[in-house]
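In case it helps, the numbering used here puts the sequence shown at residues 20 to 327.
Heads up, the beta-carbon is just placed ideally off N, CA and C, and yes, glycines get one too.
Small disclaimer: the values here were computed from a predicted structure and weren't measured.
Below you'll find the structure, written out as structure tokens, and then a few comments.
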Amino acid sequence: MGIATREAYGKALAELIKENERVVVLDADLTKSTKTSEAKKACPERHFNMGIAEGNMMSVAAGLAASGQIVYASSFAMFAAGRAYEQIRNSIGYPHLNVKICATHAGITVGEDGASHQAIEDLALMRVIPGMKVFQPCDAKETREMIKAIAEVEGPCYVRLGRSGVDDVNDENYQFELGKGVVLHEGKDVAIIATGMMVQEALKAKEELKEAGIEPTIVNIHTIKPIDEELIEKLAKTHKVLITCEEHSVIGGLGGAVAEVTARRCPARIEMIGVQDTFGESGTPQALLEKYGLNAKAIAKKVKEVLQ
């Protein structure tokens, strides 16, 4: 098992804050958990703990960005996207300010913290804000590349990060390209379009399906908005069905984004694997993934069903 994307975020941020004197980091009293503590060690004079006051943190981030800084603001996804939504919309999104909201502990793999802390709505909330760019890396290497790349992007960004360790998907030669999906394996008939830790589950499902003589295409979508419309259209034209996989509600997340593209550009059959309009609960990450049908076994089963 590799490291969690939140840990990779901390390491990348520590490097970035030393490289770029415009970078400022804000955290809502969770520096050890979000791993912004790494940036604090590297450059304490540009790291500020704003306390348990997420709305105020986003307002301060807006003020710093309006003064020319590149601000990375972090908390758990439930609090960053949920509790501070009004400030993100009106103080960061509306004036299109240079704030990078890097939210950790997203999805049901937060585990034992339960439904109150499991953000399964954050992609939908952030996608709908005009001008907000939305990202979700699948592993440590992609996280490091992404965190540094968005420093060069003008305007607000939302990066969704996880708590649990994840296997490496990309090698050291990987280069992040904003807005471009990554085809990890070329197959036929079915295209599995995944984001975040579901990319690893999709790759595991591919190995399971190989035994049944089924070889799906596997795609990593790290940029939810702006999504790679050209790639989705191509997949829709060359496959019988598209299956989206996300550790998020099937309403308004990756599945919704893919469906919006196909509705406009190339009608296609789409099946969505994700949280099915319900809240999570307390449990181990693996137990929750199994219960909510978000593991490799569930993906392989869905592929077999649609091909029948």
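In terms of CA proximity to His136, Ala125 leads the group Ala143, Ala125 and Leu144.
Taking a cut-off of 8 Å for Cβ pairs, the stretch 70–80 and the stretch 36–48 touch, as three or more such pairs fall below it. Look at Ile120 here: in three-state DSSP terms it is strand.
For Leu45, the enclosing beta strand (DSSP E) begins and ends at Val42 to Asp46. Gly21 has its alpha-carbon roughly 8 Å from the corresponding atom of Ala159.
Annotation: Gln305 to Val294 spans about 14 Å, alpha carbon to alpha carbon. Contact between Pro63 and Val118 does not hold, since the beta-carbon distance rounds to 21 Å and is not under 8 Å. Rounded to whole angstroms, the gap between the alpha carbons of Thr24 and Met216 is 9 Å. By the CB criterion at 7 Å, Ala319 and Leu228 fall inside the cutoff. Out of Thr53, Glu164 and Gly112, the CA that lies nearest to the CA of Gly82 is found in Gly112. For the stretch 82–129, the continuous beta strand (DSSP E) assignments of 3+ residues that do not extend past its boundaries occur at 89–95 and 118–123, in sequence order. Here Met291 carries a strand assignment [DSSP, helix/strand/coil]. By the 16-neighbour rule on beta-carbons within 10 angstroms, His204 is exposed. Annotation: the stretch 204–273 contains the following complete segments of the beta strand (DSSP E) (minimum length 3 residues), in chain order: 208–213, 236–239, 242–244 and 258–268. Collapsing the DSSP output to three states places Asn192 in coil. Residue burial annotation: Phe95 is buried, with at least 16 other C-beta atoms found within 10 angstroms of its C-beta.
Under DSSP, the beta-bridge partners assigned to Phe154 are Val178 and Thr242. Here Gly29 carries a helix assignment [DSSP, helix/strand/coil]. In this chain, the beta strand (DSSP E) harbouring His66 covers His66 to Asn68. In the DSSP assignment, Val201 forms a beta bridge with Asn239. Within its own chain, the residues whose Cβ lies closer than 8 Å to the Cβ of Gln88, once the five positions on either side in sequence are excluded, are Arg41, Val42, Val43 and Asn117, listed in chain order. Excluding five sequence positions before and after Val201, the CB atoms of its chain that fall closer than 6 Å to its own CB belong to Asn239, given in chain order. Here DSSP, grouped into helix, strand and coil, assigns Ala23 to strand. Straight-line spacing of the CA atoms in Leu32 and Leu273 works out to 26 Å.
Between the stretch 130–148 and the stretch 184–203 there are fewer than three inter-stretch CB-CB distances shorter than 8 Å, so the stretches are not counted as touching. Here Ala170 carries a helix assignment [DSSP, helix/strand/coil].
DSSP links Gly184 through a beta bridge to Ala23.
Relative to His267, the option among Leu180, Arg284 and Leu222 whose CA is nearest is Leu180. In this structure, the straight-line span from the alpha carbon of Arg102 to that of Glu234 is close to 42 Å. Beta-bridge partners assigned by DSSP to Ala276: none are found. When rounded, the separation of the alpha-carbon atoms in Met151 and Ala224 is 32 Å.
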